[in-house]
Every structure is written in structure tokens, then in C-alpha cells.
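Numbering (the working numbering), first residue to last: 52 to 275.
What follows is a single structure, written as C-alpha cells, with notes after it.
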Amino acid sequence: MLYILDTADLNSIKHCNEFYPLDGVTTNPSIIAKEKTDFWKLVKEIRNIIGEEKMLHVQTTQTVAEKIVEEAKLLKKELGENTFVKIPICEEGLKATTMLKKMGIGVTVTAIFTPAQALIAAKAGASFVAPYVNRLDNFLGDGTEVVSEIVGQLEIYNLDCKVLAASFKTAEQVHKCSSVGCHSVTVTEELLEMVISHPMTDVAIAGFERDWKSVYQDKTILDF
Ligand code: E4P
């Protein structure tokens, strides 16, 4: 499972990159716009925080294939090897994906809501396809089921493409996706906190502290 952080908030990226086993950061135009700052300054700072090894997914703002490719080349030049260009599923996007695949630039085809969209994006050469789990659940769909079908189809057709499930609002959605073999998830800091939390864990930790202190007071192992 790859854990990716879905934000352009630098403080959140710094924090999560330090404490969680993060594989990278995803952004989209809405996420970037939220920060109300200079685009290049922001994405270069994100790259700086996560380092060269981790993935950075940045979405194109172009709508015509040749222009998407131009923007993708610039993003890769400025942000380095592990940069993936996010492209929403559409005809121009598929054309651009095929062109970028030939150039060795990784593409994440995004705004996926059906397994059929994901399959054709993978066939065009996407490295990742990003289904929106919570938005599917919100519209009486089943986000996990869609993720599960995509995982299955990529396997059946032996396509070199991973599912990067997105748009999560609950820890249960994340868990259900991992249970069906989803390769990666992109989540917020809040979701990461929910994933590692449980009231009984808090009770267990409080018990360890109480029992230890009842015998050793404030001594730690380092004090013996
Ligand atoms: C994925 O590419 C999107 O950035 C994101 O996960 C969508 O999440 P939302 O539905 O909370 O906007």
C-alpha cells in the first residue's frame, strides 16, 4: 500500500512527512488554489520538503493534448524525476497520456468514477488511475466496489497501472479499499490521524503508563 498525502498545505506536509510512512503528495487545482500563493514557489517547496525520492502528483491546467504535454514536460523539468502529471479523463487527456507514456513521463488519470474509464486510461498508458471513493459513495454509489473492479480489471488485462484511490472522508473507506487490494490511497492529515486512532489504543497506552509509574515513578529505561 502506498500512502500519499492529498494537500498543498506546507505545514501539514512537513508534519506528515516526518511522522507517517508517506510515499508522496498529490495536489489538484482546487487544492493548490486553496493556498492562494505563487504556483511554482508552492510546488517547489513541496518537492523540497518531501525530497527527490517521493512522488509528487501535480495536475495540468491545459485542455488540449499538445498543451498538456508541454505543461507536463515543464512540470517534470522543474520538479524532477518522481513527478506525475495528473490529467482528468477525457479524449484530449487520453491522447496526452499516450504521448507522455512514449516520453517516459508518468501520468495519473484522475476524476475516475467507473471501472470502464479506468481501464481505458490504463490502456492509454496511465501509471495511476484515481477513482473518487467518497464522491461515489455520496451519490448512492459504492466507491469500494468501483475500486475493487478496477483492481480486478488491471490484473485480468495485465496492465502496468496502479489504483490511487482518492476523495476519502472516513477511515472505514480507506480500510475497505485496502481490503480489496487497492495499491495506493491519497488522504489528508486528518484521515491519517483517524486511521491510526482507536479509543481502546488510548486506554491501553494510559494503562502502560499508569502501571509503570506505580513502580518506577518518572524513571525511563534510559535512567536504569
Ligand atoms: C484527487 O485527486 C482529489 O485530489 C481528491 O482526493 C478529491 O477529494 P474531495 O472529494 O475531498 O475533493
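Backbone N, C-alpha and C define an ideal beta-carbon position, used for all residues, glycine too.
Is the distance from the Cβ of residue i to the Cβ of residue j below 8 Å?
i	j	result
Asn133	Lys105	yes
Ile119	Glu142	no
Leu93	Leu130	no
Ala177	Thr159	yes
Thr111	Lys153	no
Val202	Val238	no
Pro182	Phe164	yes
Met251	Ala222	no
Glu240	Thr58	yes
Leu210	Ala175	no
Gly75	Ile100	no
Leu187	Val197	yes
Leu151	Glu96	no
Pro166	Gln204	yes
Closer than 6 Å by C-beta to residue i: which residues in its own chain qualify, once you throw out the five before and the five after it? Chain order, please.
i	result
Met234	In the sequence as displayed, the identity of residue 234 is His instead of Met. Hits under 6 Å: Lys213 and Val214.
Trp91	none
Arg98	Leu107 and Leu130
Strictly by DSSP, which residues pair up with residue i?
i	result
Ser235	Leu53 and Leu215
Phe135	His108
Gly75	Ile55 and Met106
Thr221	Partner(s): none; Thr221 has no beta bridge.
Val246	Beta-bridge pairing links Val246 to no other residue.
Thr161	Pro139
Pro182	Ile163
With a CB to CB cut of under 7 Å and the five nearest residues on each side skipped, what residues in its chain are close to residue i?
i	result
Lys127	Thr134 and Ile156
Asn185	Gly194, Ser218, Phe219, Lys220 and Gln224
Cys67	Leu56, Leu73, Glu240 and Leu243
Ile247	none
Exposed or buried, which one is residue i when buried takes at least 16 other CB atoms within 10 Å?
i	result
Ala5	With the chain running from 52 to 275 in the structure shown, residue 5 is simply not present.
Ser199	buried
Pro72	exposed
Val225	buried
Val115	exposed
Leu242	buried
Tyr208	exposed
Val109	buried
Gly194	buried
Thr77	buried
Ala162	buried
Thr271	exposed
Ala257	exposed
Ala123	buried
Val255	Residue identity check: residue 255 is Ala in the sequence provided, not Val. Ala255 should be labelled exposed.
Less than 8 Å between C-beta atoms, sequence neighbours within five positions excluded: which residues of the same chain meet that for residue i?
i	result
Val236	Met52, Leu53, Tyr54, Ile55, Leu215, Ala216, Ala217, Phe219, Val225, Cys228 and Ser229
Ile82	Asp57, Thr58 and Ala59
Gly192	Phe164
Lys65	Ile100
Glu103	Gly131, Glu132 and Asn133
Closer than 7 Å: is that where the CB of residue i sits relative to any heavy atom of ligand 2?
i	result
Ala217	What this structure holds is ligand 1, not ligand 2.
Notebook entry, point to check: Does the stretch 259-268 come close enough to the stretch 86-102 that 3 or more CB-CB pairs lie under 8 Å?
Noted result: no
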